[in-house]
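To start, the structure under review is shown below, and the notes come after it.
Numbering (my numbering), first residue to last: 796 to 1155.
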């Protein structure tokens, strides 16, 4: 876990500056690079020195985002803390939400070059926090994609959400129906933000599925990523409108209505159904068949779209009412009007009972 490049050295400096900028003027920040302490080689030892001379010392470990798995990183940080006999501070170019949560759970301080900081000390009592970038910054030469809103991203994320692990890049690409290059770029982004962990060959051995969906929802949007999105009022109620869908092909439920079908039998949704969201092969003709009235998004209780990826739809000859893929239903819950984080969390809790990967 030692620094292996000038870039990691620069990352360490940038991350530590994020801490310095938060310190009161009366405090001092002391730093020693490349220290051997009790047989442990550390990237740095830093001390926060108060006006009365009280000191909080940290053993610093620096690493570029996505370069090691979260599990391995946590093991190394625990071992450094044990052997060095002092709290550890993890420094990186970017600490994504999944890794931040893991470090907080372990009581490990961190700082990154974008401004994410959480430094804690019990003696003297210190708590420094600040927010940084929502996404991992990419250099101009980086091959990772930075926007997860296209068809290839959607297919790969859906495959990652239900595939058996470990899985190689080519196997994942074949499963998703995308090119290996597209899958590789997506995985680079997800790894840099701690959503997936990869082996030395680039294959995926860990997927934090909650983090995966929430990261997708930062870039994807039901209203912006799909086509021909239109809003309506069902004058005779949502139950009647939903009942009329059972004899029509080329339709898939998403959002709240789909979540209710995916929840285990007997489990009631945490919120009442207020919006019927549909994907349809013919989104213009369907409203007339259902006697819907055009409305504004704020007042609508039905929303219909032609899906970004038409492969999620059943054929016209399939008259059984189907639901969109689970990952897409969750992303839609997080991005539809009146977005329902509560429904998404409930569904992910239910999924986690059979698949622990949905716990993170």
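For glycine and all other residues, C-beta sits at the position ideal for the given N, C-alpha and C. These numbers were taken from a predicted model, which means no experiment stands behind them.
task = Quickly, what does DSSP pair residue 1027 with across the bridge? List them, please.
result = 1089 and 1097
query = How should residue 1141 be labelled, buried or exposed, when 16 other C-beta atoms within 10 angstroms of its C-beta is the threshold for buried?
reply = Around the Cβ of residue 1141, a 10 Å sphere holds 16 or more other Cβ atoms; the residue is buried.
query = Can you name the residues that DSSP bridges to residue 835?
reply = 832
query = Is residue 833 near residue 877, with beta carbons less than 7 Å apart?
reply = no
message = Once the 5 residues before and after residue 934 are set aside, which same chain residues still bring their CB inside 6 Å of it?
response = Below a pLDDT of 50, predicted positions are generally treated as unreliable, and residue 934, at 47, falls in that range; the measurement from the model is reported next regardless. Nothing meets the Cβ criterion.
ask   = For the alpha helix (DSSP H) that contains residue 1060, what are its first and last residues?
value = Here residue 1060 belongs to no alpha helix (DSSP H), and DSSP marks it neither H nor E.
query = Taking Cβ positions, are residue 914 and residue 1026 nearer each other than 7 Å?
reply = Not closer than 7 Å, so no.
task = Please list, in chain order, all residues of the same chain as residue 1022 whose beta carbon is under 6 Å from its beta carbon, the five residues on each side excluded.
result = 1101
inquiry  = Would residue 993 and residue 999 be called neighbours here (beta carbons separated by less than 7 Å)?
reply    = yes
ask   = Taking the Cβ atom as the reference point for each residue, do residue 1068 and residue 1041 lie within a distance shorter than 7 Å?
value = no
inquiry  = By DSSP's criteria, residue 843 is part of a beta bridge. Which residues make up the other side?
reply    = For residue 843, DSSP records a beta bridge to 824 and 851.
ask   = Roughly how many whole angstroms lie between the Cα atoms of residue 1220 and residue 871?
value = For the chain, the structure presents residues 796 to 1155; residue 1220 sits outside this window and is missing.
query = Roughly how many angstroms lie between the CA atoms of residue 856 and residue 1129, to the nearest whole one?
reply = 35 Å
request  = Look at the Cβ atom of residue 1045, then the Cβ atom of residue 1108, and state whether they are nearer than 7 Å.
outcome  = yes
message = Contact defined as beta carbons within less than 8 Å: I believe residue 887 pairs with residue 860. What is the distance between those atoms, to the nearest angstrom?
response = 5 Å
ask   = Should residue 956 and residue 1009 be called a contact, given that it needs their Cβ atoms to be closer than 7 Å?
value = In this structure, residue 1009 does not lie closer than 7 Å to residue 956 by Cβ.
task = Compare the beta carbon distance of residue 952 and residue 1104 with 7 Å and say whether it is the shorter of the two.
result = no
ask   = Looking at the unbroken beta strand (DSSP E) that takes in residue 1145, where does it start and where does it end?
value = Element bounds for residue 1145: not the beta strand (DSSP E) but the alpha helix (DSSP H), 1136 to 1147.
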